[in-house]
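Going by the numbering used here, the sequence shown opens with residue 29, and the numbers climb by one from there.
For reference, the structure is listed below as C-alpha coordinates.
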Amino acid sequence: MKKWLTSVVSFILITALLAGCGNAGGSNETKEGTSANTKTKTVKWFVARGVNNPAVETVKELAEEFKKTNPGFQLVVEGTGDRPSYLQKLRTLIASNEMPDMFDTDPDAFAKKLVDEDMLVDVKGLLDDLGKTDDFRPIALSYQQFSDGSMYTLPLEYGIEVFWYNKRIFQEAGVNPPTTFDEFLDAAKKLKSKGITPIAIDGKDKWPMLRYLGFLPFRQTGNDYLEKLKKGEESLTDPVGMQAIEFIQELGTKKYLQEGFTATDYTAARDLFLSGKAAIYYMGSWETLSFSDENLTDEMKGNVSYFKMPMTANATTQPNDYFMNSGIGVAFNKQTFDETTENFIAFVLDHYAEAYAKKGQFTPQKYELDESVKMPPLYLEILKDINSSGTVFGIPWDARLDPATNELIGNQINALGVGGLTPVEFARQIDAAIKENAKKYFTE
29 MKKWLTSVVS FILITALLAG CGNAGGSNET KEGTSANTKT KTVKWFVARG VNNPAVETVK
89 ELAEEFKKTN PGFQLVVEGT GDRPSYLQKL RTLIASNEMP DMFDTDPDAF AKKLVDEDML
149 VDVKGLLDDL GKTDDFRPIA LSYQQFSDGS MYTLPLEYGI EVFWYNKRIF QEAGVNPPTT
209 FDEFLDAAKK LKSKGITPIA IDGKDKWPML RYLGFLPFRQ TGNDYLEKLK KGEESLTDPV
269 GMQAIEFIQE LGTKKYLQEG FTATDYTAAR DLFLSGKAAI YYMGSWETLS FSDENLTDEM
329 KGNVSYFKMP MTANATTQPN DYFMNSGIGV AFNKQTFDET TENFIAFVLD HYAEAYAKKG
389 QFTPQKYELD ESVKMPPLYL EILKDINSSG TVFGIPWDAR LDPATNELIG NQINALGVGG
449 LTPVEFARQI DAAIKENAKK YFTE
(Lines of atoms letter the chains of each structure in order from A and count residues from 1; the text may use other names and numbers.)
(Lines give C-alpha, C1' and ligand atoms only; values in the text may rest on other atoms or scores of the structure.)
Protein backbone atom coordinates (compact mmCIF):
# COMPACT_ATOMS: atom_id res chain seq x y z
CA MET A 1 0.00 0.00 0.00
CA LYS A 2 1.44 3.33 -0.95
CA LYS A 3 2.31 6.07 1.50
CA TRP A 4 -0.88 8.09 1.15
CA LEU A 5 -3.00 5.13 2.24
CA THR A 6 -1.15 4.78 5.49
CA SER A 7 -0.95 8.51 6.07
CA VAL A 8 -4.69 9.10 5.84
CA VAL A 9 -5.08 7.64 9.29
CA SER A 10 -2.70 10.15 10.81
CA PHE A 11 -5.50 12.65 11.30
CA ILE A 12 -8.11 10.25 12.72
CA LEU A 13 -8.37 8.54 16.08
CA ILE A 14 -7.05 5.13 15.25
CA THR A 15 -7.15 3.70 18.71
CA ALA A 16 -10.87 4.36 18.99
CA LEU A 17 -11.58 2.58 15.76
CA LEU A 18 -9.53 -0.59 15.68
CA ALA A 19 -11.77 -2.46 18.08
CA GLY A 20 -14.71 -2.22 15.69
CA CYS A 21 -12.96 -2.80 12.43
CA GLY A 22 -12.88 -6.60 12.31
CA ASN A 23 -12.44 -8.22 8.98
CA ALA A 24 -14.78 -6.01 6.92
CA GLY A 25 -13.09 -6.65 3.59
CA GLY A 26 -14.79 -8.98 1.16
CA SER A 27 -13.51 -12.43 0.41
CA ASN A 28 -11.93 -13.01 -2.95
CA GLU A 29 -12.40 -16.77 -2.73
CA THR A 30 -15.16 -18.69 -4.49
CA LYS A 31 -16.11 -22.29 -4.16
CA GLU A 32 -16.78 -24.13 -7.38
CA GLY A 33 -20.08 -25.95 -7.60
CA THR A 34 -21.65 -28.09 -10.27
CA SER A 35 -22.50 -25.03 -12.36
CA ALA A 36 -21.63 -21.33 -12.54
CA ASN A 37 -24.65 -20.25 -10.56
CA THR A 38 -23.75 -22.43 -7.56
CA LYS A 39 -20.49 -20.63 -6.85
CA THR A 40 -20.36 -19.21 -3.36
CA LYS A 41 -19.83 -15.49 -3.19
CA THR A 42 -20.22 -13.21 -0.19
CA VAL A 43 -20.29 -9.51 -1.00
CA LYS A 44 -19.80 -7.11 1.89
CA TRP A 45 -21.33 -3.65 1.57
CA PHE A 46 -20.27 -0.99 4.05
CA VAL A 47 -22.99 1.68 4.07
CA ALA A 48 -23.00 5.27 5.26
CA ARG A 49 -26.72 5.84 4.75
CA GLY A 50 -28.02 3.43 7.39
CA VAL A 51 -28.79 -0.27 7.04
CA ASN A 52 -32.55 0.45 6.93
CA ASN A 53 -32.34 3.22 4.36
CA PRO A 54 -34.86 2.66 1.51
CA ALA A 55 -32.07 2.32 -1.06
CA VAL A 56 -30.27 -0.25 1.08
CA GLU A 57 -33.50 -2.12 1.79
CA THR A 58 -34.26 -2.25 -1.94
CA VAL A 59 -30.84 -3.68 -2.80
CA LYS A 60 -31.15 -6.23 0.02
CA GLU A 61 -34.55 -7.34 -1.29
CA LEU A 62 -33.15 -7.68 -4.80
CA ALA A 63 -30.23 -9.69 -3.41
CA GLU A 64 -32.75 -12.19 -2.05
CA GLU A 65 -34.36 -12.42 -5.48
CA PHE A 66 -30.94 -12.86 -7.11
CA LYS A 67 -30.19 -15.73 -4.70
CA LYS A 68 -33.08 -17.75 -6.13
CA THR A 69 -31.02 -18.42 -9.25
CA ASN A 70 -27.64 -17.93 -7.56
CA PRO A 71 -27.97 -19.82 -4.27
CA GLY A 72 -24.31 -19.37 -3.37
CA PHE A 73 -24.61 -15.59 -3.34
CA GLN A 74 -24.89 -13.58 -0.14
CA LEU A 75 -24.98 -9.82 0.45
CA VAL A 76 -23.84 -8.70 3.91
CA VAL A 77 -24.61 -5.10 4.85
CA GLU A 78 -22.77 -3.28 7.64
CA GLY A 79 -22.93 0.33 8.77
CA THR A 80 -22.14 2.80 11.52
CA GLY A 81 -24.22 5.26 13.49
CA ASP A 82 -23.14 8.55 11.92
CA ARG A 83 -21.23 9.91 8.93
CA PRO A 84 -18.01 11.01 10.70
CA SER A 85 -17.66 7.56 12.31
CA TYR A 86 -18.33 5.92 8.96
CA LEU A 87 -15.63 7.92 7.19
CA GLN A 88 -13.09 7.23 9.91
CA LYS A 89 -13.74 3.51 9.86
CA LEU A 90 -13.74 3.31 6.06
CA ARG A 91 -10.36 5.00 5.82
CA THR A 92 -8.97 2.77 8.53
CA LEU A 93 -10.20 -0.35 6.72
CA ILE A 94 -8.67 0.76 3.44
CA ALA A 95 -5.37 1.70 5.05
CA SER A 96 -5.35 -1.78 6.62
CA ASN A 97 -5.87 -3.53 3.26
CA GLU A 98 -9.44 -4.45 4.21
CA MET A 99 -11.41 -2.49 1.66
CA PRO A 100 -15.06 -3.69 1.52
CA ASP A 101 -16.38 -5.17 -1.72
CA MET A 102 -18.88 -2.31 -1.93
CA PHE A 103 -18.91 0.90 0.05
CA ASP A 104 -20.63 4.27 0.05
CA THR A 105 -18.60 7.30 -0.95
CA ASP A 106 -18.95 10.67 -2.58
CA PRO A 107 -16.78 11.53 -5.59
CA ASP A 108 -14.40 13.32 -3.25
CA ALA A 109 -10.64 13.71 -3.10
CA PHE A 110 -10.20 10.55 -1.04
CA ALA A 111 -12.12 8.47 -3.59
CA LYS A 112 -10.10 10.04 -6.40
CA LYS A 113 -6.91 8.83 -4.73
CA LEU A 114 -8.34 5.31 -4.72
CA VAL A 115 -9.04 5.69 -8.43
CA ASP A 116 -5.50 6.88 -9.06
CA GLU A 117 -4.26 3.77 -7.25
CA ASP A 118 -6.43 1.62 -9.59
CA MET A 119 -8.45 0.27 -6.67
CA LEU A 120 -12.01 1.01 -7.86
CA VAL A 121 -14.20 -0.27 -10.67
CA ASP A 122 -14.90 2.20 -13.49
CA VAL A 123 -18.66 2.55 -13.08
CA LYS A 124 -19.08 4.69 -16.19
CA GLY A 125 -17.50 1.89 -18.20
CA LEU A 126 -19.56 -0.72 -16.37
CA LEU A 127 -22.83 1.03 -17.18
CA ASP A 128 -21.77 1.37 -20.81
CA ASP A 129 -20.87 -2.32 -21.00
CA LEU A 130 -24.23 -3.27 -19.49
CA GLY A 131 -26.11 -0.91 -21.80
CA LYS A 132 -27.57 0.97 -18.82
CA THR A 133 -26.15 4.48 -19.16
CA ASP A 134 -29.14 5.92 -20.99
CA ASP A 135 -31.48 4.52 -18.34
CA PHE A 136 -30.31 7.19 -15.87
CA ARG A 137 -31.27 10.81 -15.43
CA PRO A 138 -28.32 12.88 -16.72
CA ILE A 139 -27.89 14.82 -13.45
CA ALA A 140 -27.89 11.56 -11.47
CA LEU A 141 -24.74 10.52 -13.32
CA SER A 142 -23.20 13.99 -13.52
CA TYR A 143 -23.38 14.31 -9.75
CA GLN A 144 -21.31 11.14 -9.32
CA GLN A 145 -18.54 12.33 -11.63
CA PHE A 146 -15.18 13.71 -10.64
CA SER A 147 -14.11 17.07 -12.04
CA ASP A 148 -12.46 15.29 -14.98
CA GLY A 149 -15.73 13.58 -15.98
CA SER A 150 -14.77 10.08 -14.84
CA MET A 151 -17.24 8.17 -12.64
CA TYR A 152 -16.49 5.43 -10.13
CA THR A 153 -19.65 5.43 -8.00
CA LEU A 154 -23.13 4.11 -8.75
CA PRO A 155 -26.11 6.30 -7.81
CA LEU A 156 -29.00 4.73 -5.92
CA GLU A 157 -30.93 7.87 -4.98
CA TYR A 158 -32.19 11.05 -6.57
CA GLY A 159 -33.87 14.18 -5.42
CA ILE A 160 -33.82 17.83 -4.59
CA GLU A 161 -33.03 19.41 -1.24
CA VAL A 162 -35.60 21.82 0.16
CA PHE A 163 -36.58 23.69 3.30
CA TRP A 164 -39.50 21.88 4.87
CA TYR A 165 -41.61 24.14 7.06
CA ASN A 166 -44.53 24.01 9.46
CA LYS A 167 -47.38 25.95 7.84
CA ARG A 168 -49.30 26.48 11.07
CA ILE A 169 -46.27 27.89 12.89
CA PHE A 170 -45.51 30.21 9.97
CA GLN A 171 -49.10 31.43 9.82
CA GLU A 172 -49.41 32.02 13.56
CA ALA A 173 -46.09 33.89 13.59
CA GLY A 174 -47.02 35.99 10.58
CA VAL A 175 -44.16 34.61 8.51
CA ASN A 176 -44.22 33.85 4.78
CA PRO A 177 -41.93 31.35 3.03
CA PRO A 178 -38.82 33.42 2.20
CA THR A 179 -37.68 33.96 -1.37
CA THR A 180 -34.37 35.64 -0.48
CA PHE A 181 -31.80 34.91 2.21
CA ASP A 182 -32.44 38.33 3.75
CA GLU A 183 -36.07 37.28 4.15
CA PHE A 184 -34.88 33.93 5.52
CA LEU A 185 -32.95 35.63 8.32
CA ASP A 186 -35.86 38.00 8.98
CA ALA A 187 -38.19 35.00 9.28
CA ALA A 188 -35.82 33.26 11.69
CA LYS A 189 -35.59 36.41 13.80
CA LYS A 190 -39.36 36.77 13.95
CA LEU A 191 -39.90 33.12 14.84
CA LYS A 192 -37.28 33.30 17.58
CA SER A 193 -38.88 36.44 19.02
CA LYS A 194 -42.10 34.49 19.48
CA GLY A 195 -40.39 31.73 21.43
CA ILE A 196 -40.22 29.31 18.50
CA THR A 197 -37.12 27.35 17.50
CA PRO A 198 -36.67 28.53 13.90
CA ILE A 199 -34.49 25.71 12.52
CA ALA A 200 -33.86 22.05 13.35
CA ILE A 201 -30.54 20.71 12.08
CA ASP A 202 -28.45 17.55 12.32
CA GLY A 203 -25.23 19.05 13.63
CA LYS A 204 -23.66 15.73 14.61
CA ASP A 205 -23.22 14.51 11.05
CA LYS A 206 -21.64 17.83 9.99
CA TRP A 207 -22.77 17.71 6.34
CA PRO A 208 -26.07 19.58 6.96
CA MET A 209 -24.06 22.44 8.48
CA LEU A 210 -21.78 22.40 5.44
CA ARG A 211 -24.84 22.71 3.21
CA TYR A 212 -25.74 25.95 4.97
CA LEU A 213 -22.16 27.12 4.49
CA GLY A 214 -22.49 26.45 0.77
CA PHE A 215 -25.80 28.23 0.13
CA LEU A 216 -24.58 31.79 -0.46
CA PRO A 217 -21.48 30.86 -2.50
CA PHE A 218 -23.61 28.64 -4.74
CA ARG A 219 -26.17 31.36 -5.35
CA GLN A 220 -23.43 33.89 -6.11
CA THR A 221 -21.02 31.79 -8.21
CA GLY A 222 -22.56 28.41 -8.94
CA ASN A 223 -19.79 25.94 -8.09
CA ASP A 224 -16.93 28.10 -9.37
CA TYR A 225 -15.91 29.42 -5.97
CA LEU A 226 -15.81 25.94 -4.43
CA GLU A 227 -13.81 24.44 -7.31
CA LYS A 228 -11.19 27.18 -6.90
CA LEU A 229 -11.28 27.16 -3.10
CA LYS A 230 -10.45 23.45 -2.89
CA LYS A 231 -7.14 24.12 -4.70
CA GLY A 232 -6.32 27.28 -2.78
CA GLU A 233 -7.08 29.55 -5.73
CA GLU A 234 -9.74 31.32 -3.67
CA SER A 235 -9.72 32.15 0.03
CA LEU A 236 -12.41 31.94 2.68
CA THR A 237 -11.36 35.46 3.67
CA ASP A 238 -12.64 36.67 0.30
CA PRO A 239 -16.06 38.41 0.41
CA VAL A 240 -17.94 35.33 -0.83
CA GLY A 241 -16.38 33.15 1.84
CA MET A 242 -16.81 35.63 4.68
CA GLN A 243 -20.49 36.13 3.90
CA ALA A 244 -21.02 32.37 4.07
CA ILE A 245 -19.11 32.08 7.36
CA GLU A 246 -20.93 35.00 8.94
CA PHE A 247 -24.24 33.46 7.87
CA ILE A 248 -23.41 30.28 9.79
CA GLN A 249 -22.34 32.19 12.88
CA GLU A 250 -25.48 34.30 12.82
CA LEU A 251 -27.69 31.22 12.68
CA GLY A 252 -25.90 29.66 15.63
CA THR A 253 -25.14 32.55 17.94
CA LYS A 254 -28.58 34.12 17.56
CA LYS A 255 -30.08 30.78 18.59
CA TYR A 256 -31.89 30.23 15.31
CA LEU A 257 -30.73 26.60 15.52
CA GLN A 258 -32.06 24.34 18.27
CA GLU A 259 -30.38 24.15 21.65
CA GLY A 260 -27.59 21.56 21.58
CA PHE A 261 -27.56 21.33 17.79
CA THR A 262 -23.94 20.16 17.71
CA ALA A 263 -24.94 16.86 19.37
CA THR A 264 -28.25 16.37 17.51
CA ASP A 265 -28.23 13.49 15.04
CA TYR A 266 -30.27 12.96 11.88
CA THR A 267 -33.26 11.24 13.47
CA ALA A 268 -33.46 13.61 16.42
CA ALA A 269 -33.40 16.69 14.18
CA ARG A 270 -36.13 15.30 11.94
CA ASP A 271 -38.24 14.33 14.93
CA LEU A 272 -37.86 17.81 16.39
CA PHE A 273 -39.47 19.18 13.24
CA LEU A 274 -42.11 16.45 12.99
CA SER A 275 -43.16 17.03 16.59
CA GLY A 276 -43.85 20.69 15.86
CA LYS A 277 -40.97 21.93 18.01
CA ALA A 278 -39.08 23.62 15.16
CA ALA A 279 -40.41 25.62 12.22
CA ILE A 280 -37.89 24.75 9.47
CA TYR A 281 -35.93 21.64 8.55
CA TYR A 282 -33.62 21.49 5.52
CA MET A 283 -33.42 18.03 4.02
CA GLY A 284 -33.72 16.12 0.76
CA SER A 285 -36.81 14.85 -0.98
CA TRP A 286 -35.96 11.33 0.17
CA GLU A 287 -37.92 12.31 3.31
CA THR A 288 -41.08 13.19 1.36
CA LEU A 289 -43.16 10.26 2.58
CA SER A 290 -42.14 10.98 6.18
CA PHE A 291 -43.77 14.38 5.77
CA SER A 292 -46.92 13.20 3.99
CA ASP A 293 -50.17 13.33 5.95
CA GLU A 294 -50.67 9.58 6.27
CA ASN A 295 -47.41 9.33 8.22
CA LEU A 296 -47.91 12.39 10.44
CA THR A 297 -49.50 12.89 13.83
CA ASP A 298 -52.92 14.52 13.90
CA GLU A 299 -51.31 17.76 15.03
CA MET A 300 -49.00 17.84 12.00
CA LYS A 301 -51.42 16.65 9.30
CA GLY A 302 -51.81 19.32 6.64
CA ASN A 303 -49.07 21.44 8.20
CA VAL A 304 -45.99 20.42 6.20
CA SER A 305 -44.93 22.16 3.03
CA TYR A 306 -41.60 23.33 1.60
CA PHE A 307 -39.81 26.20 -0.07
CA LYS A 308 -36.75 26.01 -2.28
CA MET A 309 -33.37 27.64 -1.79
CA PRO A 310 -33.82 31.43 -1.49
CA MET A 311 -32.06 33.83 -3.82
CA THR A 312 -29.47 36.56 -3.26
CA ALA A 313 -29.36 40.02 -4.81
CA ASN A 314 -26.29 39.14 -6.90
CA ALA A 315 -27.28 35.57 -7.80
CA THR A 316 -25.81 33.97 -10.92
CA THR A 317 -27.93 30.83 -10.56
CA GLN A 318 -31.66 30.53 -11.22
CA PRO A 319 -34.51 29.90 -8.74
CA ASN A 320 -34.80 26.31 -10.00
CA ASP A 321 -31.07 25.69 -9.47
CA TYR A 322 -30.29 24.30 -6.03
CA PHE A 323 -28.76 21.30 -4.34
CA MET A 324 -30.10 18.29 -6.20
CA ASN A 325 -28.21 15.09 -6.36
CA SER A 326 -28.15 11.33 -6.58
CA GLY A 327 -26.91 10.93 -3.03
CA ILE A 328 -23.80 9.21 -1.82
CA GLY A 329 -22.79 6.63 -4.42
CA VAL A 330 -21.59 3.05 -4.23
CA ALA A 331 -17.99 2.21 -5.13
CA PHE A 332 -16.75 -1.29 -5.94
CA ASN A 333 -13.48 -2.89 -4.91
CA LYS A 334 -11.72 -3.70 -8.18
CA GLN A 335 -9.78 -6.58 -6.64
CA THR A 336 -12.88 -8.50 -5.52
CA PHE A 337 -15.25 -7.47 -8.31
CA ASP A 338 -15.87 -10.64 -10.33
CA GLU A 339 -18.41 -12.02 -12.79
CA THR A 340 -20.89 -12.92 -10.05
CA THR A 341 -20.77 -9.41 -8.61
CA GLU A 342 -21.24 -7.90 -12.06
CA ASN A 343 -24.21 -10.18 -12.70
CA PHE A 344 -25.70 -9.09 -9.39
CA ILE A 345 -25.30 -5.41 -10.24
CA ALA A 346 -26.86 -6.02 -13.65
CA PHE A 347 -29.80 -7.73 -11.93
CA VAL A 348 -30.17 -4.83 -9.51
CA LEU A 349 -30.17 -2.31 -12.36
CA ASP A 350 -32.86 -4.29 -14.17
CA HIS A 351 -35.25 -4.21 -11.22
CA TYR A 352 -34.17 -1.36 -8.96
CA ALA A 353 -36.18 1.57 -10.34
CA GLU A 354 -39.59 -0.06 -9.96
CA ALA A 355 -38.84 -1.53 -6.52
CA TYR A 356 -37.37 1.72 -5.19
CA ALA A 357 -40.13 3.91 -6.61
CA LYS A 358 -42.79 1.74 -4.98
CA LYS A 359 -41.26 2.72 -1.64
CA GLY A 360 -42.20 6.32 -2.42
CA GLN A 361 -38.66 7.25 -3.41
CA PHE A 362 -37.35 9.14 -6.41
CA THR A 363 -35.15 6.97 -8.57
CA PRO A 364 -31.94 8.01 -10.36
CA GLN A 365 -33.17 6.03 -13.34
CA LYS A 366 -35.78 7.33 -15.75
CA TYR A 367 -38.91 5.70 -14.45
CA GLU A 368 -42.55 6.60 -13.96
CA LEU A 369 -44.78 4.75 -11.55
CA ASP A 370 -47.82 3.03 -12.94
CA GLU A 371 -50.90 5.21 -12.50
CA SER A 372 -52.45 2.47 -10.38
CA VAL A 373 -49.86 3.25 -7.68
CA LYS A 374 -51.36 6.16 -5.76
CA MET A 375 -48.91 8.59 -4.19
CA PRO A 376 -49.56 11.46 -1.76
CA PRO A 377 -50.02 15.00 -3.13
CA LEU A 378 -46.74 16.09 -1.50
CA TYR A 379 -44.89 13.39 -3.45
CA LEU A 380 -46.43 14.56 -6.73
CA GLU A 381 -45.56 18.18 -5.93
CA ILE A 382 -41.92 17.28 -5.29
CA LEU A 383 -41.84 15.15 -8.44
CA LYS A 384 -43.05 18.12 -10.46
CA ASP A 385 -40.24 20.28 -9.06
CA ILE A 386 -37.69 17.54 -9.74
CA ASN A 387 -38.79 17.38 -13.36
CA SER A 388 -38.66 21.17 -13.74
CA SER A 389 -35.31 21.66 -12.00
CA GLY A 390 -32.53 23.56 -13.73
CA THR A 391 -29.29 22.13 -15.04
CA VAL A 392 -26.97 23.72 -12.46
CA PHE A 393 -26.81 21.79 -9.20
CA GLY A 394 -24.93 22.61 -6.03
CA ILE A 395 -21.95 20.39 -5.26
CA PRO A 396 -21.52 19.64 -1.53
CA TRP A 397 -18.34 21.04 -0.04
CA ASP A 398 -17.48 17.71 1.57
CA ALA A 399 -17.55 16.12 -1.89
CA ARG A 400 -14.81 18.44 -3.17
CA LEU A 401 -12.43 19.40 -0.35
CA ASP A 402 -9.45 17.19 0.47
CA PRO A 403 -9.89 14.68 3.36
CA ALA A 404 -7.78 16.56 5.91
CA THR A 405 -9.57 19.84 5.23
CA ASN A 406 -12.91 18.04 5.35
CA GLU A 407 -12.01 16.64 8.75
CA LEU A 408 -11.09 20.08 10.04
CA ILE A 409 -14.00 22.00 8.56
CA GLY A 410 -16.44 19.39 9.85
CA ASN A 411 -15.09 19.82 13.38
CA GLN A 412 -14.76 23.58 13.29
CA ILE A 413 -18.06 24.53 11.69
CA ASN A 414 -19.94 23.68 14.86
CA ALA A 415 -17.42 25.67 16.89
CA LEU A 416 -18.10 28.56 14.53
CA GLY A 417 -21.83 28.14 15.03
CA VAL A 418 -21.65 28.33 18.81
CA GLY A 419 -19.28 31.32 18.74
CA GLY A 420 -16.16 29.42 19.72
CA LEU A 421 -14.33 30.83 16.70
CA THR A 422 -14.56 34.20 15.02
CA PRO A 423 -15.31 34.19 11.27
CA VAL A 424 -11.74 35.30 10.53
CA GLU A 425 -10.25 32.58 12.73
CA PHE A 426 -12.39 29.95 11.02
CA ALA A 427 -11.46 31.22 7.56
CA ARG A 428 -7.73 31.29 8.30
CA GLN A 429 -7.74 27.78 9.77
CA ILE A 430 -9.48 26.30 6.74
CA ASP A 431 -7.35 28.27 4.29
CA ALA A 432 -4.22 26.98 6.04
CA ALA A 433 -5.46 23.39 5.83
CA ILE A 434 -6.17 23.76 2.12
CA LYS A 435 -2.73 25.26 1.52
CA GLU A 436 -1.08 22.34 3.31
CA ASN A 437 -3.16 19.48 1.91
CA ALA A 438 -4.72 20.40 -1.43
CA LYS A 439 -1.50 19.83 -3.37
CA LYS A 440 -1.55 16.19 -2.30
CA TYR A 441 -4.85 15.65 -4.10
CA PHE A 442 -5.29 18.31 -6.79
CA THR A 443 -2.59 18.69 -9.38
CA GLU A 444 -4.55 20.02 -12.32
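Backbone N, C-alpha and C fix where the C-beta goes; we use that ideal spot for every residue, glycine too.
Problem set entry | Cut-off 8 angstroms between Cβ atoms - residues of its own chain near Gly330, not counting five sequence neighbours on either side | Residue mapping note: residue 330 aligns to position 302 of the sequence shown, counting from 1. So the list reads Lys195 and Asp321, once near-sequence residues are dropped.
For this session: Please check the pair Gly418 and Gly242, which I expect to be a contact at CB under 8 angstroms, by giving their CB distance rounded to whole angstroms.
Result: By 1-based counting over the sequence shown, the position of residue 418 is 390. By 1-based counting over the sequence shown, the position of residue 242 is 214. Rounded, the Cβ-Cβ distance is 17 angstroms, inconsistent with contact.
For this session: Measure the Cβ-Cβ separation of Thr181 and Tyr384 and say whether it is below 8 angstroms.
Result: Stepping through the sequence shown from its first residue, residue 181 is reached at position 153. Stepping through the sequence shown from its first residue, residue 384 is reached at position 356. Cβ distance not < 8 angstroms, so Thr181 and Tyr384 don't count as in contact.
For this session: Keeping to the same chain, check which residues put their C-beta closer than 7 angstroms to that of Val376; ignore five residues upstream and five downstream.
Result: Taking the sequence shown and counting its residues from 1, the one referred to as residue 376 is at position 348. Hits under 7 angstroms: Val87 and Leu90.
Problem set entry | CA-to-CA distance, Thr364 to Ala342, given in whole angstroms | Working through the sequence shown from its first residue, we reach residue 342 at position 314. Working through the sequence shown from its first residue, we reach residue 364 at position 336. One point to set straight first is that residue 342 is Asn, not Ala, in the sequence displayed. The alpha-carbon atoms of Asn342 and Thr364 are separated by roughly 50 angstroms.
For this session: Kindly indicate the opening and closing residues of the alpha helix (DSSP H) around Trp314.
Result: Here residue 314 refers to the residue found at position 286 when the sequence shown is read from its first residue. Bounds of any alpha helix (DSSP H) do not take in Trp314, whose DSSP letter is neither H nor E.
For this session: Select from Met311, Ser178, Asp459 and Gln389 the residue whose C-alpha is nearest the C-alpha of Gly269.
Result: On the sequence shown, residue 269 is found 241 positions in, with the first residue counted as 1. Taking only the C-alpha atoms, the option nearest Gly269 is Asp459.
For this session: Go ahead and label Ser55 buried or exposed: buried means 16 or more other beta carbons lie within 10 angstroms of its beta carbon, across all protein chains shown.
Result: Taking the sequence shown and counting its residues from 1, the one referred to as residue 55 is at position 27. Note that Ser55 has pLDDT 39, beneath the 50 cutoff, so the model's placement of it is unreliable and the number below is only indicative. Exposed.
Exercise. What's the gap between the Cα of Gln271 and the Cα of Leu244?
Worked result: Residue 271 sits at position 243 when you count from the first residue of the sequence shown. Residue 244 sits at position 216 when you count from the first residue of the sequence shown. Taking the straight line joining both Cα atoms gives about 7 angstroms.
Problem set entry | Secondary structure of Leu103, DSSP reduced to three states | Residue numbering aside, residue 103 sits at position 75 when the sequence shown is read from its first letter. If DSSP states are grouped into helix, strand and coil, Leu103 belongs with the strands.
Problem set entry | Enclosing alpha helix (DSSP H) for Glu126 [first to last residue] | The residue given as residue 126 occupies position 98 in the sequence shown. Here Glu126 belongs to no alpha helix (DSSP H), and DSSP marks it neither H nor E.
Exercise. Among Ala216, Ala306 and Phe335, which one has its Cα closest to the Cα of Thr281?
Worked result: Within the sequence shown, numbered from 1, the residue matching residue 281 stands at position 253. The shortest Cα separation from Thr281 among Ala216, Ala306 and Phe335 belongs to Ala216.
For this session: Please state whether DSSP places Lys67 in a helix, a strand or coil.
Result: Residue numbering aside, residue 67 sits at position 39 when the sequence shown is read from its first letter. Lys67: coil per DSSP, three-state reduction.
For this session: Return the CA-CA distance between Thr108 and Met130, expressed in angstroms with no decimal places.
Result: Along the sequence shown, one-based indexing puts residue 108 at 80. Along the sequence shown, one-based indexing puts residue 130 at 102. Straight-line Cα distance between these residues: approximately 15 angstroms.
Problem set entry | Alpha-carbon to alpha-carbon, Gln389 and Glu14 | Since the first residue shown for the chain is 29 and the last is 472, residue 14 is missing from the structure and cannot be characterised.
For this session: Could you name each continuous alpha helix (DSSP H) segment of 4 residues or more that falls completely within the region 217-280, going from the start of the chain to the end?
Result: Unbroken alpha helix (DSSP H) runs of no fewer than 4 residues, entirely contained in the region 217-280, are found at 235-249 and 252-257, following chain order.
For this session: Could you tell me if Gln457 is buried or exposed, where buried requires 16 or more neighbouring beta carbons within 10 angstroms of its beta carbon?
Result: The residue given as residue 457 occupies position 429 in the sequence shown. By the neighbour-count rule (16 or more Cβ atoms within 10 Å), Gln457 is buried.
Exercise. Between the beta-carbon of Arg298 and the beta-carbon of Glu315, is there less than 8 angstroms?
Worked result: The residue labelled residue 298 in the question sits at position 270 within the sequence shown. The residue labelled residue 315 in the question sits at position 287 within the sequence shown. Cβ distance < 8 angstroms, so Arg298 and Glu315 count as in contact.
Problem set entry | Unbroken alpha helix (DSSP H) run spanning Phe94, endpoints | Walking along the sequence shown from the start, residue 94 turns up at place 66. Unbroken alpha helix (DSSP H) run through Phe94: Pro82 to Lys95.
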